[in-house]
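Enquirer:
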Amino acid sequence: MSDTDVNKVLDAVRDVDFPAGKDELLDAARRADAPEGVVKALRGIPPEEYQNREEVARSVRVPPDSDLGHSPGQRGEQARRGGRPGQSQYLRDVPKPPVEEEQERGRER
308 MSDTDVNKVL DAVRDVDFPA GKDELLDAAR RADAPEGVVK ALRGIPPEEY QNREEVARSV
368 RVPPDSDLGH SPGQRGEQAR RGGRPGQSQY LRDVPKPPVE EEQERGRER
């Protein structure tokens, strides 16, 4: 599921008429040629009737930092670095690695 986030899931079901069930959401994602990670995320939601896209967003399981924009380098540093007791690994503040910062500066030019 690493290639998906809530926005991709919601984009895949944008044409659904709500209320809609899990099967309708899955069918819509397949018709939209959604990535396999999106379909997999929708397969994991409870088989309920969803009233709107917000309910779908709350039900779908995606990586906790999917909307934080962390790079693989940052996630690795978060795993290596200790945090405060009880703090989730993905919430640890880490800077971008120097290589990624240099690449971004090169793209901005």
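Residue numbering for the sequence shown follows my numbering, beginning at 308 and increasing consecutively.
Don't be surprised by glycine CBs; every beta carbon is placed ideally from N, CA and C.
Because the structure is a prediction, the values reported are computed rather than measured.
1) Closest by CA to E343, which one among E362, P404, D312?
2) Apart from the five residues on each side of it in sequence, which residues of its chain come closer than 8 angstroms, Cβ to Cβ, to A364?
3) Could you please give the first and the last residue of the uninterrupted alpha helix (DSSP H) stretch that includes P405?
4) Quick check on this structure: which residue in V345, G413, D322, P379 has the alpha carbon closest to the alpha carbon of P402?
5) Just checking: is the beta-carbon of E409 within a distance shorter than 8 angstroms of some beta-carbon in chain B?
6) Excluding the five sequence neighbours on either side, which residues of its own chain have a C-beta within less than 8 angstroms of the C-beta of P353, listed in chain order?
Expert: If we stick to the structure as given:
1) Looking up residue 343 in the sequence shown gives position 36. Answer by Cα proximity: D312.
2) Translated into the one-based positions of the sequence shown, residue 364 becomes position 57. Within the same chain, A364 has close Cβ partners V313, V316, L317.
3) Numbered from 1 along the sequence shown, position 98 holds the residue referred to as residue 405. Residues 405-415.
4) As a working note, residue 402 is residue 95 in the sequence shown. Closest by alpha carbon: P379.
5) The chain labelled as chain B is not found in the depicted structure, where only one protein chain is given.
6) For the purposes of this step, residue 353 is taken as the residue at position 46 of the sequence shown. Cβ neighbours of P353 beyond the five flanking positions: K329, S366.
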